[in-house]
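Peer 1: In terms of the working numbering, the sequence shown is residues 164 to 573.
Pasting in a structure now, in structure tokens, and then I'll have a few things to ask.
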Amino acid sequence: MTTLDLPPAAASGPTGPTGPAPAVADEPRPEQKVRLGGVTREDVLTVVGALAGSLGLDWVMYERVLPFSGALGFLLCWYALFLAGYFALGRLQWGSMMVRERLVSVVAWSAGILVVALIADQIGFVTSRGVEAARHLNFFTESMESTGPLSPIDSGGALGAIVGSLEQLGLATLFAVPLGIAAAVFMSEVGGRMAKPVRTLVEAMTALPSIVAGLFVFGIVIIALDFEQSGFAASLALTVMMMPIVTRAAEVVIRLVPGTLREASYALGGSQWRTVWNVVLPTARPGLMTAVVLGMARGIGETSPVLLTAGYSSQFNANPFVDHQVSLPLYIWNNVKQPYDGMIARGFAAGLTLMAVVLILFVAARVLGGRKPGRLTRAQRRRLDRDARRLEAAAAAAVARPFASQPKKH
């Protein structure tokens, strides 16, 4: 006797006038997104509560209990009490692992805010002290040839220093960048027994005091070779300071290029130098631009090498190979130490100009080298389109050639 597979009996429920009510199937619930990051209301309230409580406790300790004083100590004590309070409030809500994670996040955020606050404070201080001179157009169009310490603020300017800084930085970049990138390619791509001594020398030059670089150029170029103090000599001193920065940064960037790209180039028959020139360096171009800008930012703000090698002059000199040539760091150093308000204002205005030049350099680096990986330039896209059209024409000609060579049937 066989048994039939029957459907399961319906669940018992309330009965109506006509019989039992049909069972209603459970409807699937909509999917809910799991939020892995972000800031919740509990996070904000915990931070605010820790800040307020630590501030009140810090004020009581400094003003009523302990014999402490000073703004710096007050801020440091407040931050320590804030971390302790945040940890205590977090333990009331979350587990130990989550509390440690969020405490580290708070420390990282506070460190970033501190750095931004310090930069904003420096920019604001220099701007407030130098805007009096920088708001006059003559500061950017005149030099200090006919301006004395007691001259009004609307006479004289830093044109000679701006031109001198740009020329000296340009020459130093022209010397340092090829040498630095060549040394980085040698250490990362060529190697050999000489790679380690070169790397050791570059690392030692990175920590070289700037005054030593100025003394080196002063002793070798100016005294031994009988050159005069000029913008060219200053650019040589800046080259000594910039080259190790460019080399170290470029070596790190070149080492980040995937080895599979080199292997693919070798598989296609490319030599080592052709692989470096056509594969490695174009791939590392954004990082190399950053390395160049780091070196330029280091060189443009140096004072002691320029003081020993360029000299100081209030005359406008656009020729870096002849006579003394002033630069922005030297202009700032000479003006801010004087006891006259007008000269101090000009020095701070020159500092504001120097920060603007560095900002322009970083923006230019991001524009020139900040493309995403695999993104082609316009010239590369045009070359790729031209090669594609040439290959299509060659393929069409190869297909048509067999039909053209067949004899005609009569």
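For glycine and all other residues, C-beta sits at the position ideal for the given N, C-alpha and C.
According to DSSP, simplified to helix, strand and coil, what is asparagine 480?
Peer 2: Correct three-state label for asparagine 480: coil.
Peer 1: State the Cα-Cα distance for the pair leucine 493 and alanine 387, rounded to the nearest angstrom.
Peer 2: So the alpha carbons of these two residues sit roughly 24 Å apart.
Peer 1: Can valine 409 and glycine 458 be called in contact, C-beta distance under 8 Å?
Peer 2: In this structure, glycine 458 lies closer than 8 Å to valine 409 by Cβ.
Peer 1: Any idea what DSSP makes of valine 403, helix, strand or coil?
Peer 2: Three-state result, valine 403: helix.
Peer 1: Please state the DSSP three-state secondary structure of aspartate 389.
Peer 2: Residue state, collapsed to three classes: coil.
Peer 1: Is threonine 369 helix, strand or coil by DSSP?
Peer 2: Threonine 369 falls in the helix class under three-state DSSP.
Peer 1: Should the stretch 378-396 be called in touch with the stretch 472-485, which here means at least 3 C-beta pairs below 8 Å?
Peer 2: Taking 8 Å as the limit for Cβ pairs, the verdict is that the stretch 472-485 does touch the stretch 378-396.
Peer 1: Starting from the C-beta of valine 416, find all residues in its chain whose C-beta is less than 7 Å away, skip the five residues before and the five after it, and write them out in chain order.
Peer 2: Taken in chain order, the residues that qualify are Ala447, Gly450, Leu451 and Ala454.
Peer 1: Within this structure, are the beta carbons of leucine 401 and glycine 462 separated by less than 8 Å?
Peer 2: For leucine 401 and glycine 462, yes; Cβs fall inside 8 Å.
Peer 1: Less than 8 Å separating the beta-carbons of serine 328 and serine 467?
Peer 2: Against a cut-off of 8 Å, the Cβ pair of serine 467 and serine 328 comes out as no contact.
Peer 1: If we ignore side chains and look at the alpha-carbon of each, how far apart do lysine 359 and leucine 515 end up?
Peer 2: For lysine 359 and leucine 515, the distance between alpha carbons rounds to 41 Å.
Peer 1: Under three-state DSSP, which class holds aspartate 486?
Peer 2: Looking at aspartate 486 - three-state DSSP - the assignment turns out to be coil, as it is neither helix nor strand.
Peer 1: If we call anything under 8 Å between Cβ atoms a contact, is serine 306 one with serine 490?
Peer 2: Result no, Cβ atoms of serine 306 and serine 490 do not sit closer than 8 Å.
Peer 1: Do you know offhand how far leucine 266's Cα is from leucine 255's?
Peer 2: Taking the straight line joining both Cα atoms gives about 14 Å.
Peer 1: Is the beta carbon of glutamate 414 closer than 8 Å to that of threonine 351?
Peer 2: The displayed chain sequence assigns serine, not threonine, to residue 351. Yes, these two residues count as a Cβ contact at 8 Å.
Peer 1: Relative to the C-alpha of valine 420, which residue among Met404, Trp440 and Leu431 is closest?
Peer 2: Of the listed residues, the one whose Cα sits closest to valine 420 is Trp440.
Peer 1: Compare the Cα-Cα distances from cysteine 240 to each of Gly432, Gln501 and Asp221 and report the closest residue.
Peer 2: Here the closest residue by C-alpha is Asp221.
Peer 1: Helix, strand or coil: which one does DSSP assign to glutamate 465?
Peer 2: Reduced to three states, the DSSP call for glutamate 465 is coil.
Peer 1: Go through its chain and collect everything with a Cβ distance to phenylalanine 511's Cβ below 6 Å, but skip five positions before and after it.
Peer 2: Only Val289, Arg292 and Gly293 meet the Cβ criterion.
Peer 1: Mapping DSSP to helix, strand and coil, what is proline 492?
Peer 2: Here proline 492 sits in helix by DSSP.
Peer 1: I need the boundaries of the alpha helix (DSSP H) containing glycine 275, first residue and last residue.
Peer 2: That run of the alpha helix (DSSP H) goes 259-297.
Peer 1: Between which residues of its own chain and valine 499 is the CB-CB distance below 6 Å, once the five residues before and five after are set aside?
Peer 2: Cβ within range, chain order: Ile507 and Gly510.
Peer 1: Going by DSSP, what residue range makes up the alpha helix (DSSP H) through valine 348?
Peer 2: Its alpha helix (DSSP H) spans residues 322-348.
Peer 1: Rank Val443, Met404 and Gly219 by C-alpha distance to the C-alpha of methionine 368 and give the top, closest one.
Peer 2: Out of Val443, Met404 and Gly219, Met404 has the C-alpha closest to the C-alpha of methionine 368.
Peer 1: Could you round the C-beta distance between phenylalanine 303 and alanine 296 to whole angstroms and report it? I think they count as a contact, below 8 Å.
Peer 2: Wrong, their Cβ atoms sit about 10 Å apart, outside the cutoff.
Peer 1: Using a 10 Å radius around the Cβ and a threshold of 16 neighbouring Cβ atoms, would you call valine 210 buried or exposed?
Peer 2: The residue is buried, with at least 16 neighbouring Cβ atoms inside 10 Å.
Peer 1: Quick check on the DSSP output: the alpha helix (DSSP H) that includes valine 223 runs from which residue to which?
Peer 2: Run containing valine 223: 204-223, per the alpha helix (DSSP H) assignment.
Peer 1: Please state whether DSSP places aspartate 550 in a helix, a strand or coil.
Peer 2: DSSP places aspartate 550 in helix when its eight states are reduced to three.
Peer 1: Buried or exposed: where does threonine 363 fall if 16 or more other Cβ atoms within 10 Å of its Cβ makes it buried?
Peer 2: Under this definition threonine 363 is an exposed residue.
Peer 1: Using three-state DSSP, classify glycine 433 as helix, strand or coil.
Peer 2: It is coil, neither helix nor strand.
Peer 1: For the ligand NAD, any of its heavy atoms closer than 7 Å to the Cβ of isoleucine 374?
Peer 2: This structure simply doesn't include the ligand NAD, nor any ligand for that matter.
Peer 1: With a Cβ-Cβ cutoff of 8 Å, do leucine 334 and serine 398 count as a contact?
Peer 2: Cβ atoms of leucine 334 and serine 398: closer than 8 Å.
Peer 1: Measuring straight from C-alpha to C-alpha, what distance separates valine 202 and leucine 424?
Peer 2: In a straight line, the C-alpha of valine 202 is about 41 Å away from that of leucine 424.
Peer 1: Rounded to whole angstroms, how far is the Cβ of leucine 524 from the Cβ of valine 456, which I believe are closer than 8 Å?
Peer 2: Yes, leucine 524 and valine 456 are in contact; Cβ-Cβ is about 5 Å, under 8 Å.
Peer 1: Rounded to a whole number of angstroms, what is the C-alpha to C-alpha distance between leucine 218 and glycine 253?
Peer 2: Cα-Cα distance, rounded: 18 Å.
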